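Colleague:
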Amino acid sequence: MNYHSGMHGHGHGLGGARTPLLDRTDLGRKRNGAENGQLQDLEHGDSVPAPNIGFGRVLSLAKPEAGSLVIATIALLIASTSSILIPKFGGQIIDIVSGDIQTPEQKSEALNAVKNTILEIFLIVIVGSVCTALRAWLFSSASERVVARLRKNLLSHLVHQEIAFFDVTRTGELLSRLSEDTQIIKNAATTNLSEALRNLATAFIGLGFMFQTSWKLTLLSLAVVPVISVAVRRFGRYMRELSHKTQAAAAVASSIAEETFGAIRTVRSFAQEDYEISRYSEKVDETLKLGLGQAKV
1 MNYHSGMHGH GHGLGGARTP LLDRTDLGRK RNGAENGQLQ DLEHGDSVPA PNIGFGRVLS
61 LAKPEAGSLV IATIALLIAS TSSILIPKFG GQIIDIVSGD IQTPEQKSEA LNAVKNTILE
121 IFLIVIVGSV CTALRAWLFS SASERVVARL RKNLLSHLVH QEIAFFDVTR TGELLSRLSE
181 DTQIIKNAAT TNLSEALRNL ATAFIGLGFM FQTSWKLTLL SLAVVPVISV AVRRFGRYMR
241 ELSHKTQAAA AVASSIAEET FGAIRTVRSF AQEDYEISRY SEKVDETLKL GLGQAKV
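Numbering (the UniProt record's numbering), first residue to last: 1 to 297.
(1) Look up Q212 in the DSSP assignment and say whether it is helix, strand or coil.
(2) Which of helix, strand or coil does DSSP assign to L292?
(3) For L61, does the three-state DSSP call read helix, strand or coil?
(4) Thinking A249 and E286 are a contact (beta carbons under 8 Å), I'd like their distance in whole angstroms, please.
(5) Given that a residue counts as buried once 16 or more other Cβ atoms are within 10 Å of its Cβ, and exposed if not, what is G236?
(6) Where N112 and S129 are concerned, what is the direct C-alpha to C-alpha distance, given to the nearest angstrom?
(7) Which value, in whole angstroms, describes the spacing of the CA atoms of T266 and G172?
(8) Using the C-alpha atoms, what's the distance from E109 back to F139?
(9) Quick one: what's got a C-beta closer than 8 Å to S273's C-beta in the same chain, skipping five residues either side?
(10) Give the single residue among R198, E276, V127 whose Cα lies nearest to the Cα of I256.
(11) What ranges does the alpha helix (DSSP H) occupy inside the region 170-236, keeping only unbroken runs of at least 4 residues that lie completely in it?
(12) For my contact list, A201 and S80 are in at a C-beta cut-off of 8 Å; report their separation, rounded to the angstrom.
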């Protein structure tokens, strides 16, 4: 028995392409539940690309946290409003100080107006800070529960798969989905989602103040929005593809490490330590390259 035949075992080849569980030439095409003529994932293992599932699936797991998310959204709106009100009140102070102040009475009125405005800014800062902290805590706690629920559901789904599924799917990839991918979803459900909602709320509230100040100037400013939207959409699509490639490369690296540890006796018997290290390092370098690409943009 040579090295590669000893390492392939139950379809977990470390050195070459895995053989499909089912032979298309003998069994033909298997149809899925909807009988649309597409091959099942089981037929070719994990070589079949996963479907592109939207963020709505993750939000469906957040239904039990609806109350916390509603409160967090309200706190987010208050915090976003407060961040916009601060420069507005700051502008009022500048208007008061730069006004035509001649008599002592006008000076006293201006001083009182400045004091009151500063007090209002101080209260706005306090309220905004409290709402920001509340928003961050509620979003983080809700996302932790969502990810915990997702991991439980994912493990339950995997455990109930057919035995043949594990013959054509690398264990390391499954572990990567349970750990790294769910961690990415957690970040998306906390930092990314929270920041997106905050920026969106700030934009709409800011537009309201802009229309109140000068609707003509606001409409002129909005003329560039379509061009920016197209650029942002293309950039988002590029970042999504890059993120998928990074996750896939990390999953393959985890698979190589897991399979090497699982067959360490075979690796040692054929003195293939350096070979396995080089294969793992190659995938890690690929992950690093993709990660640096994300960091650049």
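We put the beta carbon where it would ideally sit given N, CA and C, even for glycine.
Bear in mind that the values here come from a model prediction, so they are computed numbers and not experimental data.
Modeller: With the given structure in hand:
(1) The DSSP-derived three-state label of Q212 is helix.
(2) If DSSP states are grouped into helix, strand and coil, L292 belongs with the helices.
(3) In the three-state reduction of the DSSP assignment, L61 falls in the coil class.
(4) Rounded, the Cβ-Cβ distance is 5 Å, consistent with contact.
(5) Exposed.
(6) Rounded to whole angstroms, the gap between the alpha carbons of N112 and S129 is 26 Å.
(7) T266 and G172: Cα-Cα distance of roughly 18 Å.
(8) Their Cα atoms are separated by approximately 44 Å.
(9) Checking the displayed sequence, the identity of residue 273 turns out to be Glu instead of Ser. Scanning its chain for C-beta atoms nearer than 8 Å, with the 5 sequence neighbours on each side dropped, one finds around E273 the residues V267, in chain order.
(10) Nearest to I256 by alpha-carbon distance, out of R198, E276, V127, is E276.
(11) With a minimum length of 4 residues, the continuous alpha helix (DSSP H) runs that stay inside the region 170-236 are 171-176, 182-187, 193-213, 215-221.
(12) The distance from the Cβ of A201 to that of S80 is about 4 Å, consistent with a contact at the 8 Å cut-off.
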